[in-house]
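Residue numbers (full-length UniProt numbering): 1 to 239.
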Amino acid sequence: MRKQMYIVSTEIRHSMAKVPKDFTKNPQQQQQTQSQSSINSSSKSSIFHRVRLANSTLRTWSTCHSEPNLTPPPSKEPPSSISIPGAEKRIVVYFTSLRVVRSTFEDCRAVRSILYGFRVSIDERDLCMDSKFMEELQAIFGNHKTKISLPRVFIGGRYVGGAEEIRELHEAGELKKFIEGLPAATPGVCEVCGSYRFILCVECSGSHKCYSEKDGFATCVACNENGLIRCPSCLSHYY
């Protein structure tokens, strides 16, 4: 009897070992297992999709950046149509002596220093001394989409450029070709204005006001807003 019971027990254990593990779980456990398997499968699918998308994006980016840029760079040559009538035999420089914007002041000083080295006649027009110079610039560049910044250089009546263009031409040795043939500058300091290019107005003595018995005080029309006029001695070298 004991032997028969042992045989039956052994057969039961062998049959239980052949039963799948999932079969031994209750329905709730089986549902959780299936859900977890579905989540893992979905997660793997999502990861694979992202990897494929990333690889595709990298290939596209690499292709776009490997293609040569066939668009030619913009030309830095100044517009030849911009010019000043009557300035064919001199250099005209629009600049400022104010130090309010340091970078602009340094550019103006550097350009003037470069031009001084050629010892030619330079008509310097300081915008802080006379606001009419700004009006001149606006009239010159009025029909061109050019940002008006200082300095602005004209050689032989033709517009050359600003600080960057003058530096590049000077470093390349091309600037002297523009200046060849211009009259030499008069050595020394002007005895009339001290090379400031301006003197006090002789009509109003620099007050910018004139008095008459008939009309009383009126604005002087001979000078600028600062009561100054351009030095006649310096102007005689330009015209």
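The beta carbon of each residue, even a glycine, is placed where N, CA and C say it ideally should be.
Predicted model only: the values in this text are computed from it and were never measured.
- Three or more pairs of CB atoms, one per stretch, sit closer than 8 angstroms, so the stretch 166 to 181 contacts the stretch 105 to 117.
- The way I'd put it, the stretch 100 to 107 doesn't touch the stretch 181 to 195; fewer than three beta-carbon pairs between them come closer than 8 angstroms.
- For Glu124, the three-state secondary structure derived from DSSP is strand.
- Residues of the same chain with a CB within less than 7 angstroms of the CB of Met134, apart from the 5 flanking positions on each side, are Leu127 in chain order.
- Going by DSSP, Ser212 is part of the beta strand (DSSP E) stretching over Lys209 to Ser212.
- Per DSSP, Arg102 is one residue of the alpha helix (DSSP H) stretching across Arg102 to Tyr116.
- The beta carbons of Cys190 and Ser233 sit closer together than 8 angstroms.
- The beta carbons of Ile179 and Phe118 sit closer together than 8 angstroms.
- Gly206 is the residue among Arg230, Leu175 and Gly206 whose C-alpha sits nearest the C-alpha of Thr219.
- Collapsing the DSSP output to three states places Ser83 in a strand.
- Between the alpha carbons of Gln138 and Arg152 lies a gap of roughly 12 angstroms.
- Secondary structure note for Tyr238: its alpha helix (DSSP H) is the uninterrupted segment Pro232 to Tyr238.
- Of the residues Val93, Gly156, Leu115 and Ile114, the one whose Cα lies closest to the Cα of Glu124 is Val93.
- Counting C-beta atoms within 10 angstroms of its own C-beta, Val202 has fewer than 16 neighbours from the protein chains shown and is therefore classed as exposed.
- Each of Pro85, Ile199, Phe198 and Ser97 was checked against the Cα of Ile140, and the nearest Cα belongs to Pro85.
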